[in-house]
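Residue numbers (the numbering used here): 8 to 736.
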């Protein structure tokens, strides 16, 4: 680390005593998120419409310190505990996949990252309370995120450029998971317990998690939480392999048989006939976290430590054993031994966090918020019983923000952010060279005007250094991002606005320094140390709010990229694996997304509401060719009947065919998932106790996510009956 790096790290470390978090909710905000067991049914229905998907008042979008609204991020959704329970999954990408404009990488049941408006990997930042997860899920789609949705309090989804808030990795959006590791309030009870248990049929799920907050006096709270999740191999609705790939494997089997290789032909036909079960897809995950907070007036000082451990299988592409055999020296016998091995991943992370959220009184600045995070992460890829590649990452991140009072000419905040990551991959298939990434940024968000017309302005300057001793390369980037938003709010609580943005992203170390085989993804990846800054102009219009009894959100957007970085297949092979290279070109993204929830019928005892959601994305390079792995058009329609004791919901989610593909990419067929659920509140005086019974993919169809690298041999889950019990007291 050079002298400037050391000074930045020391300066950030000196903030420990006065640190706080820009993404930390105020006491009033956190209290608003707690369940109200004494509310009427009408209030519960109204709250359900309000908090399930979109927050229109801005009070629970904790990432916008000092702002009443966050209109520069028009595509914003919030999932509370009820919706998380309904879509419970071990990977956060699958939890969010029903939201408009959101898909998932779906690499394997143990690894699925969010895809926002067609962006994934280095363009989507996944956060815990405003700081990076500090894992390597951005490095490759087979790497899991170190988040346990089971113990999340809520999840914010920020679609569109979130660069101004969270850095260049959020050029396509961000997912911010709010947990309770560091307590933000003093419970009124002698203790506060949240717990959930769940089981399902499609993977033999055994899942449980709990969190406990205990006040020690009036100003000190201790927290502990933990979770355990285990699944067997996933059940699927039909053939494991997509029709085009099955045909390819069967033709290869015929060729092998014609050459007298009867055993090889039989193995290929067996692989083509695999159905009902997805081999090597079992998972096991457990977590434990502890934290404490001290409260002084309206100020909070806290810290936490946590441990995340998961082991999961990586389903292999059938037929690749034969290709690998031909690429290896040593003959058929050695190749067959290789083909019997399966790839599994063992992942563990130790994490420590600290914060302070300090009340500064009635001056120009209202609060000082700083957040520190440290992570020690290890990820091991096993080939059978042998250790293949080990990824080690040590990282540190600090964020400081001053939130302004609302008495001046503008509302908002100014802040700084620092991060440092030391990455090393060890092993024969360490496809990314050891490297370090250091970044420092200054940013500000400002809001002008009391209404009905408001103006939002934001800016961020970012200094990034990326180094690799192996390549003897050191790159430095200075990036500027800014946005201007205009919004009009009507008397009917509708907000109509338009945003203009200019954002920049420095190329990631993986895009610069990749050079080798990656067995888990079955790719030989090659980076380019000479990649330049990626930038984009963006224009977005939106309408959201309330009209009558309905709540709606609609957005239409366009982004024009210069020097867009993407991973593309060349058609060649190296070590028996297809070669993928990182390239740059201009690119355009266009999309629409929307949702509306409104009551169809309301009486004293029953309310019937409907949800309608949809999204469309088109993305192409400068020559008109398609960008790989762009999700197709998606539509969702649902009906839900609500009573004091029961909510009964039925929904259909339809995914269109994706035929707009690039070279060496395969088409994806359309499919529809039909789901139903019954939520029961057995205790009238305590609505926070819920029992959920649901049936997903009732007709057991075979569905494949086009955004997934593994879609041709890793389909979605088949018919699934699941049950869960959640309680809070």
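Heads up, the beta-carbon is just placed ideally off N, CA and C, and yes, glycines get one too.
A Cβ-Cβ distance of about 4 Å is found for the pair residue 170 and residue 510, placing them in contact under the 8 Å criterion. For the region 159-198, the continuous beta strand (DSSP E) assignments of 3+ residues that do not extend past its boundaries occur at 161-166, 180-185, in sequence order. Judged by beta-carbon spacing, residue 686 lies beyond the 8 Å limit of residue 704, meaning their Cβ atoms are not closer than that value. With contact defined as three or more Cβ pairs closer than 8 Å, the region 300-318 and the region 265-279 are not in contact. If you draw a straight line from the Cα of residue 683 to the Cα of residue 657, it is about 4 Å long. According to the DSSP assignment, residue 100 belongs to the alpha helix (DSSP H) that extends over 99-102. Sorting 139, 438, 554 by C-alpha distance to the C-alpha of residue 401 places 139 at the top. Residue 589 sits away from residue 523, with the two beta carbons spaced by 8 Å or more. For a cut-off of 8 Å, the C-beta gap from residue 499 to residue 553 is around 7 Å, short enough to register as a contact. Fewer than three pairs of CB atoms, one per stretch, sit closer than 8 Å, so the region 416-425 makes no contact with the region 156-168. In terms of Cβ geometry, residue 225 and residue 193 form a close pair [threshold 8 Å].
CA-CA distance, residue 78 to residue 504, rounds to 8 Å.
Taking each of 296, 274, 442, 413 in turn and checking the Cα distance to residue 234, the smallest one comes out for 296.
In the DSSP assignment, residue 92 falls within the alpha helix (DSSP H) that extends over 88-93. When 386, 404, 586 are compared, the shortest CA-CA separation from residue 397 is found for 386. When secondary structure is reduced to three states using DSSP, residue 361 falls in the strand class. In the three-state reduction of the DSSP assignment, residue 128 falls in the helix class. Per DSSP, the beta bridge partners of residue 353 are 318, 387. Check the Cα spacing between residue 412 and each of 369, 183, 247: the tightest is with 369. Collapsing the DSSP output to three states places residue 533 in a strand. Every beta strand (DSSP E) stretch that sits fully inside the region 238-278 and reaches 3 residues is listed by chain position as 241-246.
Spatial neighbours of residue 632 in its own chain (CB-CB distance under 7 Å, excluding positions within 5 residues in sequence) are listed in chain order as 669. Collapsing the DSSP output to three states places residue 730 in a strand. Separation of residue 249 and residue 724 (C-alpha to C-alpha, rounded to the nearest whole angstrom) is 14 Å. Contact between residue 349 and residue 287 holds, with the beta-carbon distance rounding to 5 Å and staying under 8 Å. Residue 490: member of the beta strand (DSSP E) spanning 480-496, first to last residue. Rounded to the nearest whole angstrom, the CA to CA distance from residue 144 to residue 176 is 12 Å. In the three-state reduction of the DSSP assignment, residue 516 falls in the helix class. Considered as a whole, the region 678-703 harbours no complete run of any alpha helix (DSSP H) with no fewer than 4 residues. If you check the CB distance, residue 187 and residue 218 come in under 8 Å. Looking at the DSSP output, residue 397 sits in a beta bridge with 387, 433. Nearest to residue 473 by alpha-carbon distance, out of 700, 441, 180, 284, is 441. The region 146-156 makes no contact with the region 537-554; the number of CB pairs closer than 8 Å stays below 3.
With a cutoff of 8 Å on beta-carbon distance, residue 719 and residue 252 are scored as near each other. In this structure, 596 is the residue among 735, 660, 596, 623 with its C-alpha nearest to the C-alpha of residue 178. Taking a 10 Å sphere around the C-beta of residue 258, we find fewer than 16 other C-beta atoms and assign the residue as exposed.
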